[in-house]
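Chains A and B, in that order, are what the protein sequence lines are. Every letter in the first sequence is one number past the one before it in my numbering, and letter 121, counting from 1, is 119. In my numbering, each number is its position in the second sequence, counted from 1, plus 3. The next block holds one structure in the form of structure tokens; read it before the comments.
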Amino acid sequence: MKDLMRIKCLISEDIETLLNQQIKKEAHSSSLYLSMASWCNQNGYDFSSDYFTKQSEEERMHQLKLFKYVLDMGGNAISPEVTGIKTDFAGFREVFEDALEAEIAITQSFKNLASRCLKEQDFVTMEFLNWFLKEQREEEYKARRALELFEVIGEEGTGRWEIDKHVNDITYSED
Amino acid sequence: MEKACIDINQLINVFSNYEGAVYQSDKLNCFYVDFGGKFARYNCLSLQKLKKVVEEIDIEALLLNTHRADFELVTFNGCEHVYLLNALEIIALKDLLHGTFTMFNLNHIVNDCLYRLVY
Ligand SMILES: [Fe+2]
Ligand SMILES: [Fe+2]
């Protein structure tokens, strides 16, 4: 008997489902960052607003990268419905706390996906995921560093103005 | 159509239970689901969709909800077939498709061992 399902598609149903969930999570991150950009802009934190707008674009790029992979492997990529995006934040600091929390959730999700790949011996998808695992290093690093500015500079006086000014200086280098 | 089709295309019985059966045609690269008085043809994608739709039916909710009939319409966009099934039939279809996909996985392993991984 021909292995028709495998002929049609390289990835298993479980991996396809997890990848589609990841597509949704990236779309959610993208919307959340845009929401943060809006809040920052309205509250006078222009540099942070730019920072989050850029982050939003990156998340959209991640979403499309996953989307393409599912289709390239013969799977069914699902355009996700994104709901329940937080639009109001208690303060400037909370925006960055939420950003780090969101990145941590994404890292955990990729680790879970990777462990599923290893369990199934889907080394093809595993290799594809390596790009994202590496990307998460940078993403978490940047979010953590941004939050640390609140400790280093402090929020008193012109503190928040100073923090906003330095958000875009955060860069990650492997070396 | 049923018996004739089975003979002509040398259909392979993938899985059957007390309510129906699923066949595969290696010649036409498609499947036939013999269920609910229908002998319906599916391709890979539509069979997966059917499974997804059937899996998502909540039997408990169907039985507990007194505001509606205990029947469910089973179909999806692009599907030529429509099933009107009661709870017991849905359980049988869930079982049939679950068994079918388990056999697909088993066949995948067998194909790997017999043909793809031998050197
Ligand atoms: Fe991302
Ligand atoms: Fe990210």
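For glycine and all other residues, C-beta sits at the position ideal for the given N, C-alpha and C. Owing to the predicted nature of the structure, the values given are computational and were not obtained by experimental measurement.
Sheet register partners of residue i (DSSP bridge)
i: B:D37; result: B:A24 and B:F42
i: B:F18; result: B:V25
i: B:N89; result: B:F74
Closer than 7 Å: residue i CB and nearest ligand 1 heavy atom
i: A:I83; result: no
i: A:I102; result: no
i: A:H60; result: yes
i: B:E75; result: no
i: A:E99; result: no
i: A:E24; result: yes
Sequence-distant residues of the same chain with beta carbon closer than 8 Å to residue i, five excluded per side
i: A:S33; result: I83, K84 and T85
i: B:Y21; result: A95
i: B:H111; result: none
Contact set for residue i: own chain, Cβ-Cβ below 6 Å, skip 5 residues either direction
i: A:A141; result: A97, L98 and E101
i: A:I161; result: L147 and I151
i: A:F130; result: F108
CB-CB length for residue i against residue j, believed under 8 Å
i: A:F126; j: A:Y67; result: 6 Å
beta-carbon residue i near ligand 2 non-hydrogen atom, thresh 7 Å
i: A:E137; result: yes
i: A:S27; result: yes
heavy atom of ligand 4 below 7 Å from residue i C-beta
i: A:E57; result: Absence of ligand 4 is noted for the structure shown, with ligand 1 and ligand 2 being the only ligands found.
Limits of the unbroken alpha helix (DSSP H) element including residue i
i: A:E24; result: E11 to Q40
i: A:S107; result: F90 to E118
Bounding residues of the beta strand (DSSP E) (the contiguous stretch that carries residue i)
i: B:F74; result: F74 to V77
Cβ neighbours of residue i in the same chain (closer than 7 Å, five flanking residues each side left out)
i: B:C33; result: R44, Y45 and N46
i: A:Q61; result: I21, E24, A25 and S28
i: A:L69; result: A75
i: A:C38; result: S46, S47, F50 and V93
Cutoff 8 Å: residue i Cβ touching any chain E Cβ
i: B:I60; result: You won't find chain E in this structure, because its protein chains are A and B.
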